[in-house]
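Inspection log for the structure reproduced underneath, given as structure tokens.
If you want it as structure tokens, here you go:
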């Protein structure tokens with residue numbers, strides 16, 4: 153799975169190149185506290201759409217004392233429609249910028265038709281997909297921060313036969329509300345994040361009557377894996 157890689161430099165916890173190769177260990181190899189273990193276990197037990205493939209990946213090491221990371225891709229057959237990365241950060245002492253002890257950070261990307269990428273309202277629409285996914289799942293969160301970036305590639309010379317390509321990237325972080333025992337509902341946050349992936353990929357809603365999902369028009373044809 154070639155999931156999205158990158159950095160979110162919003163000052164509230166973003167992607168970092170340094171990765172932890174251990175299994176969710178803290179800085180210095182410390183065993184993770186119970187709230188973090190519970191939050192990670194909930195993510196592992198979440199039920200997701202069959203088109204979304206998720207796997208654990210090494211987490212950043214310098215963003216928080218404890219971190220857990222996932223990569224995901226929206227797949228139909230042998231074709232990958234969108235991909236992304238979701239990182240759960242935990243600082244038992246709390247973090248002033250987060251205004252909490254947990255933070256979720258993501259990078260989501262997909263290819264678009266150039267005409268769609270040129271839509272001046274595209275960034276606002278994509279950000280509303282993120283917040284709408286939370287609302288549709290009844291999630292409470294705070295301190296959201298992020299960017300929506302669109303980029304286009306045009307090919308020349310020996311590559312001139314390739315069609316122009318446009319890509320959308322959503323980079324974001326937010327603080328999930330902590331529940332009993334100081335543990336956020338990470339399973340539902342993961343499901344909502346997968347809803348966002350499905351929207352970016354152009355998939356229809358997962359359930360009847362889910363008006364929060366807006367099918368993306370003029371998508372570029374699926375990319376072979």
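Residue numbers (the numbering used here): 153 to 377.
Quick reminder that beta carbons are idealized off the backbone N, C-alpha and C, glycines included.
Query: What is the DSSP secondary structure of residue 351, reduced to helix, strand or coil?; Result: helix
Query: Look at the alpha carbon of residue 277 and the alpha carbon of residue 209, and state the distance between them as a whole number of angstroms.; Result: 29 Å
Query: To the nearest angstrom, how far is the alpha carbon of residue 206 from that of residue 313?; Result: 34 Å
Query: How many Å lie between residue 343 and residue 246 at the Cα?; Result: 25 Å
Query: Does the Cβ-Cβ distance between residue 335 and residue 191 come in under 9 Å?; Result: yes
Query: Rank 268, 348 and 297 by C-alpha distance to the C-alpha of residue 287 and give the top, closest one.; Result: 348
Query: From the DSSP output, which residues share a beta bridge with residue 294?; Result: 327
Query: Give the list of continuous beta strand (DSSP E) stretches no shorter than 3 residues that lie fully inside the stretch 207 to 251.; Result: 218 to 228 and 231 to 247
Query: Taking only beta-carbon atoms, is residue 347 less than 9 Å away from chain D?; Result: In the structure shown, chain D cannot be found, because there is only a single protein chain.
Query: Pick helix, strand or coil for residue 260, following the three-state DSSP scheme.; Result: strand
Query: Just to confirm the assignment, what range does the alpha helix (DSSP H) spanning residue 312 have?; Result: Note, residue 312: premise wrong, no alpha helix (DSSP H); not H, not E.
Query: Compute the Euclidean distance between the alpha carbons of residue 197 and residue 339, then round it to the nearest angstrom.; Result: 7 Å
Query: Taking DSSP as the reference, what is the three-state secondary structure of residue 202?; Result: coil
Query: Along the alpha helix (DSSP H) that carries residue 193, what are the first and last residues, could you check?; Result: 186 to 197
Query: Distance, Cα to Cα, residue 237 vs residue 310?; Result: 33 Å
Query: Would you tell me roughly how many angstroms separate the C-alpha atoms of residue 357 and residue 351, rounded to the nearest one?; Result: 8 Å
Query: Taking its Cβ as the centre, do 16 or more other Cβ atoms sit within 10 Å of residue 261, making it buried, or is it exposed?; Result: buried
Query: Less than 9 Å between the beta carbons of residue 299 and residue 255, yes or no?; Result: no
Query: My understanding is that residue 212 touches residue 239, with C-beta atoms under 8 Å, so please give their C-beta distance in whole angstroms.; Result: 6 Å
Query: What number of angstroms, rounded off, separates the C-alpha of residue 324 from the C-alpha of residue 257?; Result: 6 Å
Query: Using the rule of at least 16 other Cβ atoms within 10 Å of the residue's Cβ for burial, across every protein chain shown, is residue 305 buried or exposed?; Result: exposed
Query: My output table needs one value for residue 343: the three-state DSSP class, helix, strand or coil.; Result: helix
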